[in-house]
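Remember, the numbering used here sits 10 above the position in the sequence shown when you count from 1.
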Amino acid sequence: MTTIRQRRVGKGTEAAEDQPSEETNVKPDGKIPPGPPGGKLWNILSITVGGIVAVSLGLLTSVYVATLHENDLWFSNIKEVEREISFRTECGLYYSYYKQMIQAASIQQGLHGLVYDNKTESVRTINILERMNVYQEVFLSILYRILPIQQYLEPVYFYIYTLFGLQAVYVIALYVTSWLLSGTWLSGLLAACWYITNRVDTTRVEFTIPLRENWALPFFAVQIAAITYLLRTHLQPAQERLTLIAIFIATFLFSLTWQFNQFMMLIQALALFILDCLDMLPTAKVTSLYIIQISGILLVCVLQFFNSMILGSLLISFNISILIARRIQKNLKKGGLLKRLGKLILHVLLVLCLTLLINKFYKKILNLESDEHIFKFLKAKFGFGATRDFDANLYLCEEAFGLLPLNTFSRLSSTLLFYVYGFVLFLLTVAAVIVAFRNLSGSNQVQLKEKMEEYTVTLKPDAAYSLVHSVLFGCVALSTMRMKYLWTSHMCVFASFGLCSTEVWKLLLKCLHLYTSQRTQVIKYSLPIITLLYISFKFWPGIMDELSELREFYDPDTVELMNWIKSNTPSTAVFAGSMQLLAGVKLCTGRTLTNHPHYEDKNLRERTKQIYQIYAKRSPGDVYGILRSFGTDYVILEDSICYERRHSRGCRLRDLLDVANGHIMDGLGENEPDLKPSLYPRFCEEIKKNLPSYTMHFTRVFQNKTFHVYKLAKHK
């Protein structure tokens, strides 16, 4: 399989620009008075310098990951087929549609080929634009065709440079969010540096370029930055309208580019719901955000030809339920503590019941089953009963869907990020609990207000949102490793904001009876600068070594397989095999597939389970009948799956198939009592013996150290 080998030779300190106190610098008419001319000039200069630093860091990050990608694969020197093979698993599938659009005779024919696709799933015609989030590939291919760059830039470079360019947008958005929260661009600088030095845990763009999250997360970061700005007080109506438009655009682009958008925005909606219930956010702004989420995802639904999985999403049901529940409970935020708590409990129960009822109704009407594998996976993952469901176990056994490994925290701690994050999280959580209690109690006692003033100024609406957002996405990351990139990037923002925040240090120093304005300012700027110096001295040499290490893509067996398929099989041939390999077959050869890695379709999941019987204990006649029912001409067997050692017993693909088929697993170890021995040996092993019962159906036409290709006989 694919490996990376060593390449052969021959082939300034910023002055304070604190956010002015929004409570004290407001006239009775609600307008903010102009500051002195010198202060205004200094603010303009500071914003200009901060903006230049943000753009510079974004561009440097883009160049950094692009260089790592080139150095790892020697991408500029390897053949086209090797470049395409480097887009592994589902990445290759997504890129294949960009290639298909580029090679089409016209844009119209390219779009027609996607809407009426009969090569991604054999004996079926599917609408790729409905099933998959590939509008970005469509847009990029059209842009490449109409721009006068074909003579200077290959299509593959236009594609990967766009993704690396989005990393610049990502870093700038994180930088701006931290700057908005703290009031100083030094915080943004620290957030960007932490993002870069913790690259292993904040992004994987350099080796999974076409992955949907690499398209979506930059837009999600832009959306969070815009929400942070929206939650500021004293915005002018025009500013608020423009910010809402920016949030809608970012939400729409995020939703358009990733199939898991609905689950991420559901968590975001839950954060808004919690804060709104506790009176920590303005209700009108929260309502606007709910409506933006619904309208953004519905617009995507229209573009995806009314994709039923979007219509039946929990996000739409949840947001509609909140809006309905508000209409029913109009005096939700009035009364004393006990009365408020009672109303709040009823409100939460009402929202949950309405969400389940509306979602159940949608799924019944639409006959929706596309996302059932996700709920089966979640049910099994959190211990609500064991399952023999093949799809759920396929996810459970993948490391990416397991718990976040403990060594993640040691890596994050080496840059001081996790220590600072934990410190800020603790302080603001305590502040949030106190503020929530005060809001719910509705006390008007002056003495209490004065006593709690230090907590109030610490937890502004934007900081409160950032806190709950971080906590909820942290829970998701801890439970599912693949989702850590949503948490760790915001961790950089949250930790840098806390370290550079006047309110955080004011809160801590007042608790310790050490507060003075001068001491707060000294700590606010000295600690971030010391942290930046520590990061620079510790990690700069390692980054330079990483950039100087030259490697080369090396996967001769897969290259040999792809070349053989292109040269020795008809262009209409149908291939069966593992999902991951077939994505590469489609990209490199253009042949028709029986199955593929985009798993969000019930029929495809059933089809994949049937195709995978080539690795189960089934008779040759059964396997032949299954493969021919999908129009298969050739089947590819992989030794790395047939004799798998990567997973432990019980999680190997052949074990999952055995259990799903009711058969005892191979090897030493326990089996469930109702499992029985199979009447047949394992197909992928037995076929290599060339027994008559196998050769009458299958003829080996290609083999190397990794792959075995068999041609199916065409019996009448």
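Where is the CB? At the ideal position from N, CA and C, for every residue including glycine.
Quantities reported herein were computed from a predicted structural model and do not represent experimental measurements.
query: Could you name the residues that DSSP lists as bridge partners for I646?; result: V719
query: Give a yes or no on contact between the region 637–647 and the region 656–664, applying the rule of three or more CB pairs nearer than 8 Å.; result: no
query: What residue range does the beta strand (DSSP E) around A586 cover?; result: 584–586
query: Opposite T713 in the DSSP bridges: which residues?; result: Correcting the residue identity first, residue 713 is Gln in this sequence and not Thr. Beta-bridge pairing links Q713 to H718.
query: Classify S536: buried if its beta carbon has 16 or more other beta carbons within 10 angstroms, exposed otherwise.; result: exposed
query: Which residue comes first and which comes last in the beta strand (DSSP E) that contains R337?; result: Per DSSP, R337 belongs to no beta strand (DSSP E); it is in the alpha helix (DSSP H), 324–338.
query: Taking 8 Å as the limit between beta carbons, can you name the residues of its chain near V91, skipping five residues before and five after?; result: V569, M572, N573, C598
query: Let me make sure I understand the geometry here. Which of V148, L524, S192 has the alpha-carbon closest to that of L313?; result: V148
query: Okay, do the region 503–511 and the region 431–442 touch, 3+ Cβ pairs below 8 Å being the bar?; result: yes
query: Name the one or two DSSP bridge partners that H673 has.; result: K686
query: Would you check if the distance between the CB atom of I117 and the CB atom of I159 is smaller than 7 Å?; result: no
query: Excluding the five sequence neighbours on either side, which residues of its own chain have a C-beta within less than 7 Å of the C-beta of W189, listed in chain order?; result: G60, W195, S197, G198
query: Please name the residue, chosen from C311, L422, R601, that lies closest to K129 on a Cα-to-Cα basis.; result: R601
query: Name the DSSP beta bridge partners of I169, please?; result: Just to set this straight, residue 169 is Tyr in the shown sequence, not Ile. In DSSP, Y169 forms no bridge with anything.
query: Where do the ends of the beta strand (DSSP E) carrying Y2 lie?; result: As shown, the chain starts at 11 and ends at 726. That puts residue 2 outside it, with no answer to give.
query: Are the region 674–694 and the region 605–614 touching, with three or more C-beta to C-beta distances below 8 Å?; result: no
query: So what does DSSP say about L321, is it helix, strand or coil?; result: helix
query: Kindly indicate which three-state DSSP category T618 falls into: helix, strand or coil?; result: helix
query: Identify the continuous alpha helix (DSSP H) that holds C363 and give its terminal residues.; result: 347–376
query: Note down, in chain order, each residue of its chain lying with its Cβ closer than 6 Å to the Cβ of Y126, except the 5 sequence neighbours on either side.; result: T135
query: D665 by DSSP, collapsed to three states: which one?; result: helix
query: Indicate the three-state DSSP secondary structure (helix, strand or coil) for L708 in the structure shown.; result: Per the sequence presented here, residue 708 reads as Phe, with Leu not at that position. Looking at F708 - three-state DSSP - the assignment turns out to be strand.
query: Under the rule that 16 or more other beta-carbon atoms within 10 Å means buried, what is C287, buried or exposed?; result: buried
query: From the DSSP output, in three-state form, read off L276 for me.; result: helix
query: How would you call N700, buried or exposed, if buried means at least 16 neighbouring beta carbons within 10 angstroms?; result: exposed
query: Within 10 angstroms of its Cβ, does P220 collect 16 or more other Cβ (buried), or is it exposed?; result: buried
query: Is it the case that the Cβ atoms of L603 and F400 are separated by a distance below 7 Å?; result: no
query: Out of L414, L406, N224, A446, state which residue places its alpha-carbon closest to the alpha-carbon of Q269.; result: N224
query: Within the continuous alpha helix (DSSP H) that includes C694, where are the two ends?; result: 693–696
query: For M706, count neighbouring Cβ atoms within 10 angstroms of its own Cβ and tell me buried if that reaches 16, exposed if not.; result: exposed
query: What are the boundary residues of the alpha helix (DSSP H) that A260 is part of?; result: 247–267
query: Please return the same chain residues whose Cβ sits closer than 6 Å to the Cβ of G120, not counting the five positions on each side in sequence.; result: M111, A114
query: Between the beta-carbon of A201 and the beta-carbon of C521, is there less than 7 Å?; result: no
query: Using the three-state DSSP reduction, which class does T602 fall into: helix, strand or coil?; result: strand
query: Just to confirm, are I368 and S327 a CB contact at a threshold of 7 Å?; result: yes
query: If I measure Cβ to Cβ from G677 and keep anything under 7 Å in the same chain, skipping five residues before and after, which residues do I get?; result: R659
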